[in-house]
Amino acid sequence: AQKITQTQPGMFVQEKEAVTLDCTYDTSDQSYGLFWYKQPSSGEMIFLIYQGSYDEQNATEGRYSLNFQKARKSANLVISASQLGDSAMYFCAMRDANTGNQFYFGTGTSLTVIP
Amino acid sequence: DTEVTQTPKHLVMGMTNKKSLKCEQHMGHRAMYWYKQKAKKPPELMFVYSYEKLSINESVPSRFSPECPNSSLLNLHLHALQPEDSALYLCASSLPVQGGPMDSPLHFGNGTRLTVT
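In order, the protein sequences belong to chains A and B. Read in order, the letters of the first sequence correspond to residues 540 to 654 in my numbering. Read in order, the letters of the second sequence correspond to residues 47 to 163 in my numbering.
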């Protein structure tokens, strides 16, 4: 069964606008962590933001924030004030207590920022 | 600068060659990973080492042989590869989870772009 689902293969956003990238997850564990990564065309995978299953506040890191809705099992990434350099693939990932060291990745969303 | 260093950045090899990919980290992470990634696809897990012991092998063909000589180094030995093995190979490290918190992310190297001719 798919542990992480990203339903948006491609997204476009106007420069300086906000954009939401969707991620839903599936786990029966109470303890798990959710991660977002950015991968520009150059190939490096850049860690952006983390949300823990016990965190009561939504995570924020600069222009990145996570809209965490535990009951819906969703962890959407919000990028505010989009910049041209935000154009990249974005992957949602999860690790849980059952599988520990294994990370599950979604299929990714390709974001294009339009000037 | 990335804290996980991979060499070489690019590699072209024939199907009869033997080559090795190298990965080094000095973050004290005791879980190290090899991923294979095709263009516009998510990384596919190949191997996980935890405390220098192979803990996960995702049914990878034997032409890929991992090695973890110590807590900082991870190698991937390649032999008799096929053209379909051409991909970006990513090394990553993390704090291993032993019933603890889940907040240690994967730290990736910049990858090796492998082309098999």
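We put the CB at the ideal spot given by N, CA and C, even for glycine.
Query	Result
C-alpha distance - lysine 542 of chain A paired with threonine 563 of chain A, whole-angstrom precision	8 Å
C-beta atoms of leucine 160 of chain B and leucine 91 of chain B nearer than 8 Å	no
Residues of the segment 555-577 of chain A with Cβ closer than 7 Å to any Cβ of chain B, in chain order	Ser570, Tyr571, Gly572, Phe574
Residue range of the unbroken beta strand (DSSP E) whose run includes alanine 598 of chain A	Here alanine 598 of chain A belongs to no beta strand (DSSP E), and DSSP marks it neither H nor E.
Arginine 76 of chain B to isoleucine 588 of chain A span [Cα, whole Å]	22 Å
Cutoff 8 Å: asparagine 63 of chain B Cβ touching any chain A Cβ	no
Beta carbon proximity, lysine 99 of chain B to chain A, threshold 8 Å	no
Beta carbon proximity, glycine 157 of chain B to chain A, threshold 8 Å	yes
For aspartate 568 of chain A, three-class secondary structure by DSSP	coil
Between the CA atoms of serine 117 of chain B and asparagine 156 of chain B - distance to the nearest angstrom	19 Å
Assigned exposure category for isoleucine 653 of chain A - 16 Cβ within 10 Å defines buried	exposed
Segments of 4+ residues assigned as alpha helix (DSSP H) that fall wholly inside the segment 84-129 of chain B	none
Rounded C-alpha distance that separates asparagine 615 of chain A from asparagine 606 of chain A	5 Å
Outcome for leucine 623 of chain A when other beta-carbon atoms lying within 10 angstroms are tallied against a minimum of 16	exposed
Three-state class that DSSP yields for leucine 623 of chain A in the structure shown	helix
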